[in-house]
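Peer 1: Numbering (our numbering), first residue to last: 47 to 729.
Structure, rendered in structure tokens:
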């Protein structure tokens, strides 16, 4: 930004100066100068070439004037010597700054630190006798030390870290528009932290005709901002800094050097407002769209705001609905000033002030009364000076605390948390309970036919037990029947198509049910993420369950036998042997081969004939328990296999989504500053 030098008419001889009666105003010269030009420095000093050019032009002008005008007397000669000394001082100052090279970043930063503190200039008030501008030029120090940067400590730092973590965890689940405000808050907090922590940037905002520029001038002690009846009067933001080192803060606001001012310099200085950077904004209700855009842009960057209202428009809906109500959480960095109270007769000022407090309370703005934190509400008259001293004192205490920037960032974080609440916090509690998981695995077991598989395994075990413990003649008869049964040559019939469709529908219904249970009570984006995870996992689940059912079906070969099984087989063989021996013994007696004795062979034959079925019946009774256990074991294996498949494909992805939501819920609780144990159950 180029440095611009404005020149006023030079008055070299006292007798040539216009008097007040002639309409001329007093001229304030540079300190240490009896003559010469009063300069108004515009710009931040970054335009080194233009600044050097103007310095050379000033030196040339002074040389020309001094060389063309001879000294008239000894006094005038002394006067000329002083002017010549001042000229050499200015030339040396210009030469020093000319050494700053534009292509050297280090030199540029040094130049900014020396020149970027704004224009040191003043204008006359509207009541001055002459329209000529009064300028005050303050000598600059050779080097201005940059103030210490702002530091975030304690809860605010934890909240910012939590917000950063929250945004990182949510990028794949939420759209960029939802996270835009949180990202902006993080960016602005990082930008503000790198800048001065010893300065407080306060904006004066108000509607057209509210008198904010007059109040701005009253706080500065001199007319810096133009006032008048023409609307809008303030067309661009004007900044006034009470101390050095605020150049980078002002650069962040985007205010050019020609609109930077310094307050009236008094002998003792205004130490109460040291560190204040005051910005006079355009009208927030201006008919010019550019003015309103400037107001909105700068309000998002300053540390605090002074809202100036007047008795006529203090209840304006635009002010309350567009600005005050959305900024209700920023009450601690907000001043609300009722200006022009000199227009209200008697106790009307107090009545209007009470009504203003009522409206602010309706907007949700906490009022800083009775020592409580909140907005400061005052009644002033910038024209007569009534209440300005109280505002000056309150503003001085506010600036001296050096905490406005941190409170503003904290309020911004709180506002971002309020906007994000619908996507992170709800009244319900989602999650996967044990009951929901059990129901899901039960439905999968039904779909895969675990119960039927267990019953089939039980029947197979009983059939093997009957064959092993049955009589020899019964086993031979069954073998004969199996041999006589004609073979059709057909493959085993598959399950009907309607049964397969029913099983698939059961699986899909089970997935939908468990997803709805898990998403119940979650914010819409996270509920949608849970359902999408369930849908992705359900793809191919019915086919996997079918393969699982085939692999976990009734095992081929003989089932495991209990310990009593060999004894039963041996007893059944003994009964068969008794039958054979008894029959052969009787046959031998009939043919005369053996002596006649019917008792013993008949007993052996009867024992074998009766004992075989009795042993078979006893074995059948004894086999029911092992067969039942075998069937239950087969059912359990199939249920566990189905549950494992469902857990790997559906439940684990759901648990991962719920775990992520639980993490962001914890981070959101940290952002809001309230530790909350309520979260999604992921077990």
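Quick reminder that beta carbons are idealized off the backbone N, C-alpha and C, glycines included.
If I'm right that residue 625 touches residue 651 with Cβ under 8 Å, what's the distance once you round it to whole angstroms?
Peer 2: Here residue 625 refers to the residue found at position 579 when the chain shown is read from its first residue. Here residue 651 refers to the residue found at position 605 when the chain shown is read from its first residue. Contact flag correct, Cβ pair sits at about 6 Å.
Peer 1: Going by beta carbon distance, what residues of the same chain come within less than 7 Å of residue 216, once the five residues before and after it are set aside?
Peer 2: Residue numbering aside, residue 216 sits at position 170 when the chain shown is read from its first letter. Result list for residue 216: 225 and 710, in chain order.
Peer 1: Out of curiosity, what's the CA-to-CA distance linking residue 694 and residue 618?
Peer 2: Taking the first residue of the chain shown as position 1, residue 694 is located at position 648. Taking the first residue of the chain shown as position 1, residue 618 is located at position 572. Their backbone Cα atoms lie some 50 Å apart in a straight line.
Peer 1: Tell me the DSSP secondary structure of residue 639 in three-state form.
Peer 2: Position 593 of the chain shown holds residue 639. In the structure shown, residue 639 sits in coil (DSSP, three-state: anything other than H, G, I, E or B).
Peer 1: Going by Cα to Cα distance, which pick from 614, 286 and 323 is closest to residue 304?
Peer 2: The count along the chain shown starts at 1 and reaches residue 304 at position 258. Residue 304 has its Cα closest to that of 286, out of 614, 286 and 323.
Peer 1: Within 8 Å, do at least three Cβ pairs link the stretch 429-441 to the stretch 375-389?
Peer 2: Because the criterion of three Cβ pairs below 8 Å is met, the stretch 375-389 and the stretch 429-441 touch.
Peer 1: Closest by CA to residue 349, which one among 320, 342, 373 and 452?
Peer 2: Taking the chain shown and counting its residues from 1, the one referred to as residue 349 is at position 303. Nearest of 320, 342, 373 and 452 to residue 349, Cα basis: 452.
Peer 1: Per the contact definition of three or more C-beta pairs closer than 8 Å, is the stretch 393-406 in contact with the stretch 472-492?
Peer 2: The stretch 472-492 vs the stretch 393-406: no contact.
Peer 1: Using a Cβ-Cβ cut-off of 8 Å, state whether residue 292 counts as contacting chain C.
Peer 2: The structure shown has no chain C; it contains just one protein chain.
Peer 1: Helix or strand or just coil, what does DSSP make of residue 487?
Peer 2: Residue numbering aside, residue 487 sits at position 441 when the chain shown is read from its first letter. Helix.
Peer 1: So the alpha helix (DSSP H) residue 477 belongs to, where does it begin and stop?
Peer 2: Within the chain shown, numbered from 1, the residue matching residue 477 stands at position 431. Run containing residue 477: none; DSSP gives neither H nor E here.
Peer 1: Could you check the C-alpha separation between residue 633 and residue 614 for me, to the nearest Å?
Peer 2: What you label residue 633 is simply residue 587 of the chain shown in a count that begins at 1. What you label residue 614 is simply residue 568 of the chain shown in a count that begins at 1. Rounded to the nearest angstrom, the two C-alpha atoms are 29 Å apart.
Peer 1: Tell me, which residues are paired with residue 195 by DSSP?
Peer 2: In the chain shown, residue 195 corresponds to position 149, counting from 1. Per DSSP, 242.
Peer 1: In chain order, what residues of the same chain lie with their CB nearer than 8 Å to the CB of residue 264, ignoring the 5 residues before and after it?
Peer 2: By one-based count along the chain shown, residue 264 stands at place 218. Excluding sequence neighbours, residue 264 sits near 428, 431 and 434.
Peer 1: Determine the burial state of residue 198: buried for a count of at least 16 other Cβ atoms within 10 Å of its Cβ, exposed for fewer.
Peer 2: Along the chain shown, read from residue 1 onward, the residue named residue 198 stands at position 152. Residue 198 is buried by the Cβ-count criterion.
Peer 1: According to DSSP, is residue 663 helix, strand or coil?
Peer 2: Stepping through the chain shown from its first residue, residue 663 is reached at position 617. Residue state, collapsed to three classes: helix.
Peer 1: Are residue 688 and residue 494 close, meaning C-beta to C-beta below 8 Å?
Peer 2: Within the chain shown, residue 688 is the residue found at index 642, counting from 1. Within the chain shown, residue 494 is the residue found at index 448, counting from 1. Yes.
Peer 1: For the putative contact between residue 292 and residue 330, defined by C-beta atoms under 8 Å, what is the C-beta separation to the nearest angstrom?
Peer 2: Within the chain shown, residue 292 is the residue found at index 246, counting from 1. Within the chain shown, residue 330 is the residue found at index 284, counting from 1. Not confirmed; about 24 Å, so no contact.
Peer 1: In three-state DSSP terms, what is residue 254?
Peer 2: Along the chain shown, one-based indexing puts residue 254 at 208. Looking at residue 254 - three-state DSSP - the assignment turns out to be coil, as it is neither helix nor strand.
Peer 1: Do the stretch 354-369 and the stretch 247-259 touch if we need at least three Cβ pairs shorter than 8 Å?
Peer 2: Because the criterion of three Cβ pairs below 8 Å is met, the stretch 354-369 and the stretch 247-259 touch.
Peer 1: I need the DSSP call for residue 332, collapsed to helix, strand or coil.
Peer 2: Here residue 332 refers to the residue found at position 286 when the chain shown is read from its first residue. Three-state result, residue 332: coil.
Peer 1: With which residues is residue 353 paired in a DSSP beta bridge?
Peer 2: Along the chain shown, one-based indexing puts residue 353 at 307. Answer is 251 and 382, bridged to residue 353.
Peer 1: Out of 341, 388, 389 and 237, state which residue places its alpha-carbon closest to the alpha-carbon of residue 368.
Peer 2: Taking the first residue of the chain shown as 1, we reach residue 368 at position 322. Per the Cα distances, 341.
Peer 1: Under a three-way DSSP split, which group does residue 622 fall into?
Peer 2: For the purposes of this step, residue 622 is taken as residue 576 along the chain shown, with counting starting at 1. Looking at residue 622 - three-state DSSP - the assignment turns out to be helix.
Peer 1: For residue 419, which residues of its own chain have a beta-carbon under 6 Å away from its beta-carbon, when the five flanking residues on both sides are left out?
Peer 2: Numbered from 1 along the chain shown, position 373 holds the residue referred to as residue 419. The answer, listed in chain order, is 378.
Peer 1: Measuring only the C-alpha atoms, how far is residue 591 from residue 553?
Peer 2: Counting from one through the chain shown, the residue named residue 591 turns up at place 545. Counting from one through the chain shown, the residue named residue 553 turns up at place 507. So the two alpha carbons sit approximately 9 Å from each other.
Peer 1: For the stretch 665-684 against the stretch 500-507, are there 3 or more C-beta pairs whose distance is under 8 Å?
Peer 2: Touching, yes.
Peer 1: Going by DSSP, what residue range makes up the beta strand (DSSP E) through residue 764?
Peer 2: Since the first and last residues shown for the chain are 47 and 729, residue 764 lies out of range.
Peer 1: What does the alpha-carbon distance come out to for the pair residue 466 and residue 355?
Peer 2: As a working note, residue 466 is residue 420 in the chain shown. As a working note, residue 355 is residue 309 in the chain shown. So the two alpha carbons sit approximately 32 Å from each other.
Peer 1: Between residue 205 and residue 717, how many whole angstroms is the CB-CB distance? I'm expecting something under 8 Å.
Peer 2: Counting from one through the chain shown, the residue named residue 205 turns up at place 159. Counting from one through the chain shown, the residue named residue 717 turns up at place 671. About 5 Å; that satisfies the 8 Å criterion.
Peer 1: With distances taken from CA atoms, which of 450, 395, 449 and 448 is nearest residue 423?
Peer 2: The count along the chain shown starts at 1 and reaches residue 423 at position 377. Residue 423 has its Cα closest to that of 395, out of 450, 395, 449 and 448.
Peer 1: Out of curiosity, what's the CA-to-CA distance linking residue 335 and residue 371?
Peer 2: Within the chain shown, numbered from 1, the residue matching residue 335 stands at position 289. Within the chain shown, numbered from 1, the residue matching residue 371 stands at position 325. Cα to Cα, the separation comes out at about 21 Å.
Peer 1: From residue 692 to residue 683, what does the alpha carbon distance come to, in whole angstroms?
Peer 2: Along the chain shown, one-based indexing puts residue 692 at 646. Along the chain shown, one-based indexing puts residue 683 at 637. Their Cα atoms are separated by approximately 14 Å.
Peer 1: Determine, using beta carbons only, whether residue 696 and residue 560 come nearer to each other than 8 Å.
Peer 2: In the chain shown, residue 696 corresponds to position 650, counting from 1. In the chain shown, residue 560 corresponds to position 514, counting from 1. Contact: yes.
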